[in-house]
Amino acid sequence: RYVPLLSEKNNREVDIETPLPDDLTRDSLELPDLSEPELARHYSRLSQMNYGIESGPFPLGSCTMKYNPSFTEDIAAAPAGAVHPDRDGETVQGTLDLYAQLQEYLADIGGMDAVTLQPPAGAAGEFTGVLVAQAYHEHNGDERSEIVIPDSAHGTNFASAAMAGFDVVELPSGEDGRVDLDALAAALSDETALLMLTNPNTLGLFERDIVEVAEMVHDVGGLLYYDGANLNALLGRARPGDMGFDIMHYNVHKTFATPHGGGGPGAGPVGVSEDLEQFLPTPQVRATDEGYERYEPENSVGKVHGFHGNWLVLAKTAAYIARLGDEGLVDASAKAVLNANYLAEQLDYEVPFGPFHHEFVASADDQDAADVAKRMLDYGVHPPTTKWPEIVDEALMTEPTEGENKRTLDQLATAFNAVAGEDDATLESAPERTAARRIDQVSAARDPQLSWQALDEE
Amino acid sequence: RYVPLLSEKNNREVDIETPLPDDLTRDSLELPDLSEPELARHYSRLSQMNYGIESGPFPLGSCTMKYNPSFTEDIAAAPAGAVHPDRDGETVQGTLDLYAQLQEYLADIGGMDAVTLQPPAGAAGEFTGVLVAQAYHEHNGDERSEIVIPDSAHGTNFASAAMAGFDVVELPSGEDGRVDLDALAAALSDETALLMLTNPNTLGLFERDIVEVAEMVHDVGGLLYYDGANLNALLGRARPGDMGFDIMHYNVHKTFATPHGGGGPGAGPVGVSEDLEQFLPTPQVRATDEGYERYEPENSVGKVHGFHGNWLVLAKTAAYIARLGDEGLVDASAKAVLNANYLAEQLDYEVPFGPFHHEFVASADDQDAADVAKRMLDYGVHPPTTKWPEIVDEALMTEPTEGENKRTLDQLATAFNAVAGEDDATLESAPERTAARRIDQVSAARDPQLSWQALDEE
Amino acid sequence: MGRHDTGSPYAPHTPAETDAMLDAVGVEQEADLFDIPEAVRFDDEFGIEARDERAVRAEMQDRLAENDDLVEFLGRGHYDHYVPSLVDHLADRQEFLTSYTQYQPEIAQGFLQVLFEYQSMLVELTGLGIANCSLYDAATGLGEAATLATRVRETSGSHVLVPEHLRAGKRGVLANYADGADLTVESYPMDDGAVDTTALAEAIDDDVVMVYAESPTVRGVIEEDLAEIGGLADDHDALFCLGSDPVALSVLEEPANVGADVVIGEAATLGLGTAYGMGMGLFATREDFLRQVPGRLVGASEDESGRRAYTLTLQTREQHIRKERATSNICTNQAWVALRAAIHAATLGPDGLVETATECIERTHAVAERLDDIDGITAPVHDRHHFREFVARTERPASDIADDLAAAGYAVHAVEDDLLQICVTETNEQAADELVAAISEVAQ
Amino acid sequence: MGRHDTGSPYAPHTPAETDAMLDAVGVEQEADLFDIPEAVRFDDEFGIEARDERAVRAEMQDRLAENDDLVEFLGRGHYDHYVPSLVDHLADRQEFLTSYTQYQPEIAQGFLQVLFEYQSMLVELTGLGIANCSLYDAATGLGEAATLATRVRETSGSHVLVPEHLRAGKRGVLANYADGADLTVESYPMDDGAVDTTALAEAIDDDVVMVYAESPTVRGVIEEDLAEIGGLADDHDALFCLGSDPVALSVLEEPANVGADVVIGEAATLGLGTAYGMGMGLFATREDFLRQVPGRLVGASEDESGRRAYTLTLQTREQHIRKERATSNICTNQAWVALRAAIHAATLGPDGLVETATECIERTHAVAERLDDIDGITAPVHDRHHFREFVARTERPASDIADDLAAAGYAVHAVEDDLLQICVTETNEQAADELVAAISEVAQ
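The structure is reproduced here in structure tokens:
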């Protein structure tokens with residue numbers, strides 16, 4: 001099941017002759033030179049060595065790997081949508097209409113007052129949100145230096161805060177896995193620009209004290225940021241805006257079923273409360289009497305993407321939301337939470353904390369969680385996220401999503417439980433039944449070979 | 001790797017209530033009831049248990065399994081082409097233009113004067129051709145009862161002749177695998193309506209005496225039919241019309257790369273010489289001063305398809321021919337013939353007869369050809385057509401097509417030669433490395449179970 | 001581009017590979033491989049200029065754009081139902097689309113299982129014991145049914161009876177199949193759009209090998225006397241062949257229950273949508289006729305390890321083994337369309353199928369009633385239940401009205417001097433209001 | 001339809017399954033599973049009406065059809081090259097499209113190998129030792145380059161220098177990235193569309209951490225003094241970051257040869273076509289900066305059986321491990337677009353890439369010359385070599401001309417009061433004659 005690199009199949013060096021002076025051009029270019037049938041087989045074969053959402057369950061915690069409806073691809077591929085970003089607004093009313101509609105859908109779903117679709121991913125949404133918070137404080141003549149983030153938060157929260165020049169204050173989780181109000185009180189100060197919170201948090205737990213948390217943050221003059229990674233747990237049941245969050249991002253490639261593409265593209269729209277709309281990136285889209293127009297918010301933070309964000313992804317998002325409607329969105333969350341609870345119930349591994357919503361974190365305890373994952377591959381399923389969040393020993397962070405049926409959940413449970421009963425030696429030699437056996441990641445990092453040119457030099 | 005039947009996953013019986021009187025309707029309907037994510041996995045999984053042209057070489061003799069360019073799918077899917085067959089000709093000028101162009105392309109390539117695109121497959125083309133020959137003789141007041149067919153011909157030739165009510169006179173091949181002129185002379189008479197010939201024949205041999213053959217058939221008042229299954233050997237090198245053939249069909253799903261679809265749809269356009277145009281099925285398409293129009297040939301044989309044939313396939317055919325042009329067509333044949341000759345050269349199996357063109361028939365000799373094929377599956381390639389034509393012992397009828405590169409041909413040769421050196425026991429227990437092991441076809445035929453209902457009754 | 005500028009872009013040979021292979025074969029050039037007598041060599045050109053992929057796409061799409069963009073209310077045997085995106089997404093996977101007939105079942109289990117599931121769905125829809133896994137279309141299915149009749153009947157006969165209202169193309173194909181089996185095709189009369197069973201009783205005799213009827217008919221009429229027709233056929237040892245389609249069959253009485261021996265029809269009503277008449281013939285029949293069935297059959301079996309597996313079966317019926325004694329000449333069929341139909345049916349599920357069918361009744365009825373309110377239009381002409389379509393009587397010549405409607409952007413059938421035919425499905429219903437308005441403009 | 005009429009059509013639960021699962025969990029109803037305080041429960045509705053797949057497709061396509069159908073001659077950082085059908089065909093396979101980031105490399109070798117091949121192609125195109133496997137777009141790539149500069153420079157600095165001609169959006173993104181790193185962005189002047197190296201020499205000092213230049217520039221000018229710019233940057237221990245794209249890089253001098261430390265740019269010029277500005281950021285840099293690179297890197301390794309295998313590597317740079325000390329916050333990137341670009345590049349091959357690039361020079365030159373013949377138009381404004389696009393000076397206000405052209409069916413940029421910008425690729429060249437004719441109509 002080894003597929004040679006394209007360059008091993010046939011590389012070719014061609015001389016460069018152009019109308020340009022020679023000193024502006026390269027002498028030659030060496031790249032793979034293969035025919036279409038050879039390429040079709042190459043990539044078709046490689047695809048068969050990859051696991052997608054139609055290959056089986058994909059219970060990666062915090063990743064919301066749900067089924068991606070294929071019809072949304074057709075909409076994204078509509079030729080009428082393939083317009084240049086610099087087109088005059090008057091000549092792309094259809095695209096602006098779609099942006100305006102999606103802004104409204106997302107604002108409604110999040111309980112926010114305004115939404116920008118520009119951030120091209122969740123982390124870009126976080127960075128945008130942090131910029132908005134920064135702009136808000138500066139606008140008030142109140143520069144603040146700190147962002148408070150729970151220890152169970154996604155790593156991107158920390159990185160996004162740092163990127164904008166903030167100091168991060170890490171908030172230790174309480175014994176129940178949630179925000180500890182005393183610890184929060186200790187962390188907050190008049191330097192607190194923002195508290196970034198995931199709710200339900202990465203343990204799948206709803207922050208029961210969210211109203212108090214919001215009050216405390218607001219009392220010191222800070223803002224609240226909602227990390228939307230886990231929004232799939234709450235659709236139509238609770239809205240970040242109603243909980244007191246001022247800013248949030250949406251991971252449309254999680255909650256709204258746009259395909260993850262092996263790592264992207266996603267999109268990370270950001271919603272804000274009314275007061276903060278003036279700081280959103282430019283341009284925004286709004287309806288006027290004559291149609292739709294782009295405009296620059298009064299005190300905009302400027303740009304977070306060169307153009308208008310990941311259009312193809314946004315089109316799929318709008319289509320998914322329109323397909324589901326109110327009832328479908330509520331049902332998606334209900335089934336996602338039901339699936340997580342049902343699956344947790346079947347496991348032999350201990351699942352601390354609770355009650356959880358769309359995901360749970362089991363503990364592999366005296367097994368190595370990473371080995372557990374490798375061994376699960378042998379049972380034909382994708383394993384959960386492992387070793388994170390760190391507040392659970394050997395964490396197996398599991399999010400089945402609403403897309404799995406009972407039979408598949410039972411199969412998953414069987415895989416988990418089979419592995420739970422196996423010894424370390426078995427786990428360490430796993431996987432045995434996959435195309436590639438366990439891959440040596442340590443030497444890959446010690447002596448990085450990042451191109452076929454690097455391999456050739458060996 | 002077992003995938004339960006849809007009905008085993010979830011069947012559901014629904015009561016039927018319609019505005020119709022109850023006695024016109026059924027009481028209930030029981031069918032699989034699954035959600036889209038479940039179906040996507042079901043069929044995606046099944047596809048992974050199937051071997052396509054992008055999975056590897058597919059050297060089935062007489063099947064011309066060449067690479068199917070994906071861009072032709074886009075053309076076939078163009079919404080503007082999705083018109084109803086009863087549309088007034090004036091309102092579907094684009095479709096008629098494409099038909100007219102394809103008729104012309106095919107006429108040029110075959111050296112024919114007129115072409116009908118209506119037959120939906122090669123065998124339907126044969127039947128159409130036989131009907132045309134029959135109409136021709138009847139039109140001349142000369143009813144004839146026999147069709148002469150070489151023993152090496154495709155089984156469809158015999159069946160198509162019989163379908164039209166003709167008696168079949170089987171012509172034994174000569175010692176060189178070609179038509180034996182003495183045997184032909186003996187077979188011909190004033191009852192001979194048609195000689196059906198494949199050229200190169202199924203052994204890959206060009207009928208060197210084709211000019212004499214044509215003369216002999218024409219001398220007794222018969223017509224010559226060219227089975228286009230092997231046309232990929234001759235593109236731009238020789239044309240059936242120039243050899244004296246009066247009627248021919250084209251297998252566009254072979255020669256012109258439309259995908260075979262696991263058994264269809266194909267299309268089997270039929271070309272005829274000028275005198276026979278009047279007998280073609282109705283409607284034909286022609287250019288006029290005002291555009292394109294459909295018309296009924298004067299003495300048309302009528303219909304061989306309910307509408308206008310397999311439109312989607314014809315659109316792909318036209319696109320493929322336009323993409324290749326003269327040079328591409330000539331090159332396709334040249335490389336197909338080169339590949340067959342090169343591969344034959346590498347084999348340990350004996351390859352009788354020659355020189356061959358796009359295909360050859362090796363002999364497994366004291367091995368069972370069907371077992372050889374099963375064993376080749378274990379080497380990851382699709383085997384050749386086996387046990388046919390019968391004039392070669394334990395035939396391995398092999399057609400690599402132009403779509404394979406040297407490396408793949410070498411891999412194929414390695415597989416052939418490895419199997420050639422193995423013992424019967426190994427062959428009989430093959431395949432060992434496939435998803436399904438050897439399938440019991442005898443009991444499948446003895447006790448046919450043709451539906452899940454039949455399985456349930458067991 | 002580059003080295004693929006000339007020659008076939010789908011032949012992978014580099015110049016060096018070509019040379020090496022020519023060497024191995026022992027010839028100087030490709031031309032030397034062709035054993036073609038001088039007299040029949042082709043030294044001319046076709047004059048077809050190669051174009052790159054982009055140019056061919058643009059050219060073909062520009063050409064097709066010459067088709068007038070009309071909203072079609074057309075049926076009469078070719079129907080447009082919405083095909084879910086999932087069908088394309090899955091059916092276009094190369095493992096399905098580009099595979100060959102399943103001669104090596106060990107590496108074709110996926111396609112075989114889908115065909116087996118297709119057969120099973122058709123068994124449920126028809127109530128008959130066997131369904132093959134596709135013929136070309138409904139018309140060729142009718143032809144195959146007639147030749148089946150000659151094979152399964154104990155005594156020979158010379159006639160096939162078909163209804164007066166029958167698509168000409170379907171009758172034409174039947175005639176060609178019948179001719180080779182020494183059969184002639186004759187029509188029996190209809191009364192108000194349905195079979196005139198009294199007249200049929202008079203027309204039928206022991207020389208008839210098969211009686212054909214349709215429900216819905218080509219005019220969309222749901223036949224009410226199928227059991228009686230079946231009885232008449234049975235009385236004369238004639239096969240009763242019923243024409244229908246999978247959507248209609250999801251609500252209509254099972255053909256098996258009204259005595260049908262064979263069901264043929266257009267199964268691409270699921271899976272394909274409007275395709276200029278390209279279709280897929282469904283063919284189902286009684287188990288008694290198992291060894292006389294035309295076309296491919298997939299059967300369940302086991303592999304050596306005892307696991308269920310599928311394979312083409314009863315291939316001894318087929319031309320590649322039985323040659324001129326085969327049950328049919330069909331070889332390449334419409335397998336991929338059957339796969340599409342199966343996926344489409346599964347996507348709808350039983351509820352979706354029944355809902356689609358029910359709408360074909362309700363929606364058609366509603367549109368006919370609205371047309372009947374227009375001066376100059378009577379609809380439906382036949383006082384019957386309809387499915388998908390109906391005919392309307394016009395005062396003005398029907399073809400004039402059809403032309404006016406085409407100018408206004410709508411395509412309808414003009415089936416006789418004073419008859420229009422209109423077909424409504426979920427894909428054109430959004431324009432039904434406009435059509436009614438347009439007809440009211442031009443009806444008089 | 002049917003049981004999937006309500007609720008999510010993508011949740012497979014039958015009512016019986018739901019009940020069984022609720023039982024197993026020990027609750028009566030789904031609502032009981034939500035541990036949400038009363039005060040923040042949402043009891044209202046969004047008012048979004050669910051529509052079926054067909055309706056959503058129709059609605060969205062109707063909406064997009066409201067876009068005017070203009071032939072676009074637009075570029076300035078977002079380009080339309082023809083994407084071969086094979087790219088869609090392969091990239092849309094669910095195993096690629098719907099997979100996750102390759103955290104379990106044993107079942108993700110296919111995607112990893114494609115990304116490794118993408119990285120390798122970029123290494124060839126840039127001449128630099130490392131390419132990551134995508135950032136969001138060129139603009140964010142520029143931002144990441146600036147923060148990289150602060151990390152790799154031994155002494156701190158406070159400035160980034162960018163060219164006077166720079167897309168506002170790109171500068172805007174850079175400014176936000178720079179701000180967090182305590183950098184300010186300043187422009188250096190250009191002369192006749194290219195870098196004014198004398199002015200740059202004056203502007204640069206040791207407080208500059210990075211000098212950015214583009215070739216081709218936002219106006220399509222091929223920069224002639226890249227080595228000099230690189231030298232100036234080097235003299236002041238500033239990184240030299242070059243903006244370009246894979247098509248241009250296939251013929252232009254390797255960035256490594258002119259002293260570039262980082263190459264950023266829009267790599268979706270291969271693989272994506274016009275997509276309302278959606279792109280994919282290429283990011284290549286010198287091996288020295290390996291552990292400071294932002295974004296994902298795929299490395300070759302071996303599996304336990306000793307066979308070559310691929311894996312994400314050096315993940316300790318990334319946010320999910322290093323948190324606020326990560327080299328970037330990027331997590332979800334544009335991997336699938338990188339896969340598309342890699343397939344597109346492979347489909348073109350070296351000849352095809354070079355041919356595409358050469359046409360970007362020749363075709364643009366030819367169109368500029370023809371415009372120059374029109375009274376009221378001077379083109380190109382800059383006496384330079386151009387790639388894909390150029391600016392033309394107008395006598396009438398440029399925006400008026402652009403409006404008139406839009407009314408005639410063509411979209412061009414009005415970049416300043418008297419400057420139009422026009423981009424020509426293989427996808428609009430067929431309309432270039434018409435554009436020239438249209439401009440000659442409205443130039444005065």
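Chains as they are written, first to last, in this note's numbering: chain W, 1 to 458; chain B, 1 to 458; chain F, 1 to 444; chain R, 1 to 444.
Positions of the beta carbon are idealized from the N, C-alpha and C atoms, including for glycine.
Assign residue i to buried or exposed, taking buried as 16 or more other Cβ atoms, counted over all protein chains shown, within 10 Å of its Cβ.
| i | result |
| --- | --- |
| R/Pro12 | buried |
| F/Tyr410 | buried |
| B/Thr414 | exposed |
| F/Gln430 | exposed |
| W/Ser7 | buried |
| B/Asp246 | buried |
Using C-beta distances below 8 Å, list every residue in its chain close to residue i, excluding the 5 sequence neighbours before and after it, in chain order.
| i | result |
| --- | --- |
| F/Gly2 | The predicted model places F/Gly2 with a pLDDT of 46, which falls under 50 and marks its position as unreliable; any figure quoted below should be read in that light. None. |
With distances taken Cα to Cα, identify the nearest neighbour of residue i among the options.
| i | options | result |
| --- | --- | --- |
| R/Arg219 | R/Ala260, R/Ala438, R/Asp19 and R/Arg384 | R/Arg384 |
| F/Val87 | F/Leu270, F/Asp237, F/Asp69 and F/Val208 | F/Leu270 |
| F/Val415 | F/Leu74, F/Asp35, F/Arg51 and F/Ser8 | F/Leu74 |
| B/Glu36 | F/Ala20, F/Asp288, F/Ser85 and F/Tyr100 | F/Ser85 |
Within a Cβ cutoff of 7 Å, which residues of the same chain sit near residue i, ignoring the five residues on either side of it in sequence?
| i | result |
| --- | --- |
| F/Gln315 | Ile321 |
| F/Asp375 | Ala443 and Gln444 |
| W/Val14 | Ser28 and Leu29 |
Return the chain-ordered list of same chain residues with a C-beta closer than 6 Å to the C-beta of residue i, the five sequence neighbours on each side being excluded.
| i | result |
| --- | --- |
| B/Glu293 | Gly89 |
For residue i, which three-state DSSP category applies?
| i | result |
| --- | --- |
| R/His344 | helix |
| F/Arg3 | Unreliable placement is indicated for F/Arg3, whose pLDDT of 49 sits below 50; no coordinate value is reported for it. |
| B/Cys63 | coil |
| R/Leu252 | strand |
(request) With a floor of 4 residues, list each alpha helix (DSSP H) that falls wholly inside the stretch 297-336 of chain R, ordered by position along the chain. (result) Listed in chain order, the alpha helix (DSSP H) runs fully inside the stretch 297-336 of chain R are 319-322, counting runs of at least 4 residues.
(message) Please give the ranges of any alpha helix (DSSP H) in the stretch 146-202 of chain B, keeping only runs that are unbroken, at least 4 residues long and fully inside the region.
(response) Correct list: 155-163 and 181-187.
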